[in-house]
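Working notes, structure below.
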Amino acid sequence: MSLSKSNTAAIDINDQPGHLIRRAHQIAVSVFHETLGRDVTPVQYAAMRVLQDKPGIDQITLAQQVALDTSSAADIAARLETKGLITRKMLARGQRELRLTAAGEDLLAEMVPAMAQMQDTLLGSLSEKERADFMALLRKFVTVNNEKSRAPMRA
Numbered sequence: 595m596s597l598s599k600s601n602t603a604a605i606d607i608n609d610q611p612g613h614l615i616r617r618a619h620q621i622a623v624s625v626f627h628e629t630l631g632r633d634v635t636p637v638q639y640a641a642m643r644v645l646q647d648k649p650g651i652d653q654i655t656l657a658q659q660v661a662l663d664t665s666s667a668a669d670i671a672a673r674l675e676t677k678g679l680i681t682r683k684m685l686a687r688g689q690r691e692l693r694l695t696a697a698g699e700d701l702l703a704e705m706v707p708a709m710a711q712m713q714d715t716l717l718g719s720l721s722e723k724e725r726a727d728f729m730a731l732l733r734k735f736v737t738v739n740n741e742k743s744r745a746p747m748r749a
């Protein structure tokens, strides 16, 4: 089905969920870096938080928990290891066990106040009810569309 030029001109990109989600992601990443600096990316932070909650998981499990493809998870793990924030130990079955180092644990502890500040910056213009509604709808959107992702999250 093709749309005529007049039909496509009537489609406002600011009414398109995909465009707004992309913009929201841009804003969130920008606020993350403004608040926390550039030493750790948002995805590296997510990986570290998963490792804090589930020490000793392998890279495939990390990929599933953070909703990444396995090659991206391996790259992130290698970068975190280079920074001295995690260790990767080869297991007998050919997988790598991942654990936060003391430096990784310390960095996460230092990030807690900044993460709270980042959340306030992102959601500060919303009322408490709007924040709760927005987060509930965002979680629902991600949950019901999880399988449409190229790297679905696995529990």
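Residue numbers for the sequence shown follow my numbering, so the first one is 595 and each next one is one higher. Glycine residues also receive a C-beta, built at the ideal position from the N, C-alpha and C atoms. Treat the numbers as computed from the prediction; the structure is a model and nothing was measured.
If you check the CB distance, L694 and L731 do not come in under 7 Å. Taking the Cα of D652 as reference, the smallest distance to any Cα among Q620, R687, R673 and A622 is reached at R687. Boundaries of the beta strand (DSSP E) around M684: I680 to M684.
Between L716 and R725, the C-beta spacing is not below 7 Å. With 16 or more other Cβ atoms from the protein chains shown falling within 10 Å of its own Cβ, A667 counts as buried. Taking C-beta atoms under 8 Å as the contact rule, G678 and A708 fail to qualify, at a distance of about 20 Å. Below 8 Å, enough C-beta pairs join the stretch 631-646 and the stretch 656-664 to call them touching: three or more. I615 counts as exposed, since fewer than 16 other C-beta atoms from the protein chains shown sit within 10 angstroms of its C-beta. Of the residues assessed, I605 falls on the exposed side of the cut-off, its CB having fewer than 16 other CB atoms within 10 angstroms. No Cβ-Cβ contact shorter than 7 Å links E675 with G650.
Contact between A661 and S743 holds: their C-beta atoms lie close to 6 Å from each other, under 8 Å.
Taking the C-beta atoms as reference points, P611 is found no nearer than 7 Å to V623. Counting only runs of at least 3 residues, the stretch 663-707 fully encloses the following beta strand (DSSP E) elements, listed from N- to C-terminal order: 680-684 and 690-694.
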